[in-house]
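See below for the structure under consideration.
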Amino acid sequence: MLEPLMYTGGVYRHDELIELVEDLGGHVLQKNVMQLEVVLLILVPADDITVVEEKAKELLGTISRAPLIGTEIAVVAPSLAYHHMPHPTCDIAEYLRRNGAKTNIIGLARGVGRRAAQMTKSERGLINEHDLALFILGDFLSCIVDAKYQLYEDLEIPIIVTGGPECDAVPYAYAYIGGIGRRAKGFHRESEFTILDSIVEKISTALDQRREELEKDPLSVSPFRLMDEITQQIPEVNENLSPTPITMHLDGMRVKLPFDEYCERVRNVKLTEGPVLSDVAEVKPSYMREYIILKIKTKSVAGFAL
Amino acid sequence: MIDSEKVAVESPDEQGARLIEELTYDVLSDLHVAQSLYNIRIYVDPDEPVFILYGKLAGSLPDVKISDVATMTHTDDGLKLDIKNERYVNELLAKLIEIYGKANILQIDRYTVLVATDEDIPDDTIYEPSIELRRNVIDSIRRIAPEGYRIIKHEIAKNHILFIASEEPIKEEWVQQGYKLLKEAGV
Numbered sequence: 001m002l003e004p005l006m007y008t009g010g011v012y013r014h015d016e017l018i019e020l021v022e023d024l025g026g027h028v029l030q031k032n033v034m035q036l037e038v039v040l041l042i043l044v045p046a047d048d049i050t051v052v053e054e055k056a057k058e059l060l061g062t063i064s065r066a067p068l069i070g071t072e073i074a075v076v077a078p079s080l081a082y083h084h085m086p087h088p089t090c091d092i093a094e095y096l097r098r099n100g101a102k103t104n105i106i107g108l109a110r111g112v113g114r115r116a117a118q119m120t121k122s123e124r125g126l127i128n129e130h131d132l133a134l135f136i137l138g139d140f141l142s143c144i145v146d147a148k149y150q151l152y153e154d155l156e157i158p159i160i161v162t163g164g165p166e167c168d169a170v171p172y173a174y175a176y177i178g179g180i181g182r183r184a185k186g187f188h189r190e191s192e193f194t195i196l197d198s199i200v201e202k203i204s205t206a207l208d209q210r211r212e213e214l215e216k217d218p219l220s221v222s223p224f225r226l227m228d229e230i231t232q233q234i235p236e237v238n239e240n241l242s243p244t245p246i247t248m249h250l251d252g253m254r255v256k257l258p259f260d261e262y263c264e265r266v267r268n269v270k271l272t273e274g275p276v277l278s279d280v281a282e283v284k285p286s287y288m289r290e291y292i293i294l295k296i297k298t299k300s301v302a303g304f305a306l
Numbered sequence: 001m002i003d004s005e006k007v008a009v010e011s012p013d014e015q016g017a018r019l020i021e022e023l024t025y026d027v028l029s030d031l032h033v034a035q036s037l038y039n040i041r042i043y044v045d046p047d048e049p050v051f052i053l054y055g056k057l058a059g060s061l062p063d064v065k066i067s068d069v070a071t072m073t074h075t076d077d078g079l080k081l082d083i084k085n086e087r088y089v090n091e092l093l094a095k096l097i098e099i100y101g102k103a104n105i106l107q108i109d110r111y112t113v114l115v116a117t118d119e120d121i122p123d124d125t126i127y128e129p130s131i132e133l134r135r136n137v138i139d140s141i142r143r144i145a146p147e148g149y150r151i152i153k154h155e156i157a158k159n160h161i162l163f164i165a166s167e168e169p170i171k172e173e174w175v176q177q178g179y180k181l182l183k184e185a186g187v
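Chains L and U are the protein sequences, given in the same order. Using the numbering used here, read the first sequence as starting at 1 and increasing by one per residue. Using the numbering used here, read the second sequence as starting at 1 and increasing by one per residue.
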């Protein structure tokens, strides 16, 4: 069992922590260097957390639990106009990032209004590539309950909806969180941070449920192992300037390399046990730019598990 | 400080009305028009769907003319302008370029501009605070109104503004309701 952690500390000697994590059989998912500070998103075997904590203490850094590490979350707003940006959409996305998630803000082309609100095929495809989608809706209960569900009723991933009014549940959504709605100011008060924490909590629960579903028919190979193999065998992936050249999902990953040029090389990545990557995962073009999406096959589909 | 009685929101959805009221305060203070738009009354019904806003406009500062910004003296090199108020230099230069062309204007230093002419410059208006204020007021109202309401009918007079927006074509009864708000406010 791997535990998701975030390390914040100085650049000096941080490579010692990376080596320690790799020696323990963990993974470094993201490394952000900001001048003299470094933030690492790491996965560490649960039994060895104390070792990592001691090392962090020695390096005068801090370790905190970041439950959303290894997931990609779509934060969907009806549009990218000032009615939704920068508050609350960016504030919420930033808070999720601080909890380890990789977030993408998506503004719909025709998401506004009630009668005209709709989602295009490419938007639906793009959102379905994520682990979970968070919809940021407005102030009126009748809109949220009676009309806006048309935007997300066809999506295949868990949906969490936020809005202004208080309400127990909305159709087609895993959970609804009230008290946000349209805002023209940031989140400053303690009560507002409680709402943000409840969003993180609801997302964690939804993702845990998804993980449990995956465990019933486990993946044929661990996504983190596949990530390490790709990084080693296709080193060009590290030349991508994105903070996460390989973005992890619960059941796969997004490899930020052009599909046409690299799909064959990705399909032929060799695993030590014998099979190649295309035996254990589907390689598809992503709706995001020209990237590659990998969906790992389950044990029942692949016929074996490594 | 904003007077709490300045905004009154009416809606069949009580929670929504409270949230829109809060949003209105925030948007107005964000765009610095809280002192310029007052006695605001809003009617919003998402089921119709309609958004009606009425507000009183405060008077703005007087127009800024060239003589308010610079003093003119005739010299051998041409007309010399000594800038008194640096805040409006951009507007002043734009006006001078419009009248005389770029080739005939020389800004020697921060506070001095030479114009190649022997005649006096007409004392034109270079900046109208009332236009800036209206722009900000309209911007703030569009931020308050629901985004999907793109069909708009509005009326701006010297001291009030009436704004009706909807997703559907504007109905006559909504316009009448807007005028009722105006009448109640004594306009």
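All C-beta atoms in this analysis are idealised placements derived from N, C-alpha and C, irrespective of residue type, glycine included.
| Item | Value |
| --- | --- |
| Roughly how many angstroms lie between the CA atoms of Tyr-149 of chain U and Glu-21 of chain U, to the nearest whole one? | 18 Å |
| Take Ala-116 of chain U and list the residues in its own chain whose beta-carbon comes closer than 6 Å to its own, dropping the five residues that flank it on each side. | Gly-78 and Asn-104 |
| Look at the alpha carbon of Asp-68 of chain U and the alpha carbon of Asn-85 of chain U, and state the distance between them as a whole number of angstroms. | 8 Å |
| With Ala-66 of chain L and Pro-158 of chain L assumed to form a contact (beta carbons below 8 Å), what rounded beta-carbon distance in angstroms separates them? | In fact, because the Cβ distance is near 19 Å, the residues do not count as touching under 8 Å. |
| From Ala-169 of chain L to Tyr-149 of chain L, what distance separates their C-alpha atoms? | 12 Å |
| Looking at the C-beta of Gly-148 of chain U, does it have a partner C-beta in chain L at a distance below 9 Å? | yes |
| So, with DSSP's three-state summary, where would you put Met-1 of chain L? | coil |
| From the DSSP secondary-structure annotation, give me the bridge partner or partners of Ala-116 of chain L. | Answer is none; Ala-116 of chain L lacks a bridge partner. |
| May I ask you to report which of helix, strand or coil DSSP gives His-310 of chain L? | Outside the displayed range of chain L (1 to 306) lies residue 310 of chain L, so it cannot be described from this structure. |
| By Cβ distance, which residues of its chain are closer than 7 Å to Asp-45 of chain U, with the 5 residues on each side in sequence left out? | Ser-11 and Pro-12 |
| Determine the direct distance from the alpha carbon of Trp-174 of chain U to that of Lys-31 of chain L, and round the result to whole angstroms. | 56 Å |
| Between the C-alpha atoms of Met-1 of chain U and Gly-178 of chain L, what's the straight-line distance to the nearest angstrom? | Note that Met-1 of chain U scores 40 on pLDDT, short of 50, meaning its location in the model is unreliable and no value can be drawn from it. |
| In terms of alpha-carbon separation, which member of L:Cys-167, L:His-130, L:Ala-302 and L:Lys-270 lies closest to Gln-232 of chain L? | L:Lys-270 |
| Report the residue from U:Lys-65, U:Lys-183, U:His-32 and U:Arg-87 whose alpha carbon sits nearest the alpha carbon of Asp-139 of chain U. | U:His-32 |
| Does chain L have any CB closer than 9 Å to the CB of Glu-10 of chain U? | no |
| For Pro-45 of chain L, which beta-bridge partners are listed by DSSP? | L:Leu-2 |
| Helix, strand or coil for Met-227 of chain L per DSSP? | helix |
| Would you report the Cα separation of Ser-242 of chain L and Ser-60 of chain U, rounded to the nearest angstrom? | 49 Å |
| Classify Glu-168 of chain U as helix, strand or coil using the three-state DSSP reduction. | coil |
| For a contact meaning CB atoms closer than 8 Å, what does Gly-16 of chain U contact in chain L? | Asp-139, Phe-140, Leu-141, Gly-164 and Pro-165 |
| Could you say which of U:Arg-110, U:Lys-171, U:Glu-184 and U:Asp-63 lies nearest to Tyr-127 of chain U if we only look at CA atoms? | U:Asp-63 |
| Shortest alpha-carbon distance to Ser-222 of chain L belongs to which of L:Gly-164, L:Thr-205 and L:Lys-299? | L:Lys-299 |
| Would you kindly work out how many angstroms separate the C-alpha atoms of Tyr-174 of chain L and Glu-14 of chain U, rounded to a whole number? | 26 Å |
| Examine chain U for any beta-carbon lying closer than 9 Å to the beta-carbon of Val-112 of chain L, and answer yes or no. | yes |
| Using 9 Å as the limit for Cβ to Cβ distance, is Ser-191 of chain L near chain U? | no |
| Quick check: Ile-292 of chain L and Leu-250 of chain L, are their CB atoms within less than 9 Å of each other? | no |
| Could you tell me whether the region 181 to 191 of chain L touches the region 261 to 269 of chain L, where touching means 3 or more Cβ pairs closer than 8 Å? | no |
| Using the C-alpha atoms, what's the distance from Val-237 of chain L back to Asp-260 of chain L? | 14 Å |
| Grouping DSSP H, G and I as helix and E and B as strand, with all else coil, what is Lys-158 of chain U? | coil |
| Is Glu-72 of chain L closer than 9 Å to Glu-129 of chain L when the C-beta atoms are compared? | yes |
| For Glu-10 of chain U, is the beta carbon positioned less than 8 Å from some heavy atom of the ligand SAM? | For the structure depicted, the ligand SAM is absent and the ligand set is empty, with no information on it obtainable. |
| Assign Val-50 of chain U to one of two classes, buried (16 or more other C-beta atoms within 10 Å of its C-beta) or exposed (fewer than that). | buried |
| Tell me the DSSP secondary structure of Val-221 of chain L in three-state form. | coil |
| For the region 66 to 79 of chain L, list every residue whose C-beta sits within 9 Å of some C-beta in chain U, in sequence order. | Pro-78 and Ser-79 |
| Should Ile-69 of chain L and Leu-24 of chain L be called a contact, given that it needs their Cβ atoms to be closer than 9 Å? | no |
| Can at least three beta-carbon pairs, one atom from the region 111 to 131 of chain L and one from the region 87 to 100 of chain L, be found at a separation below 8 Å? | no |
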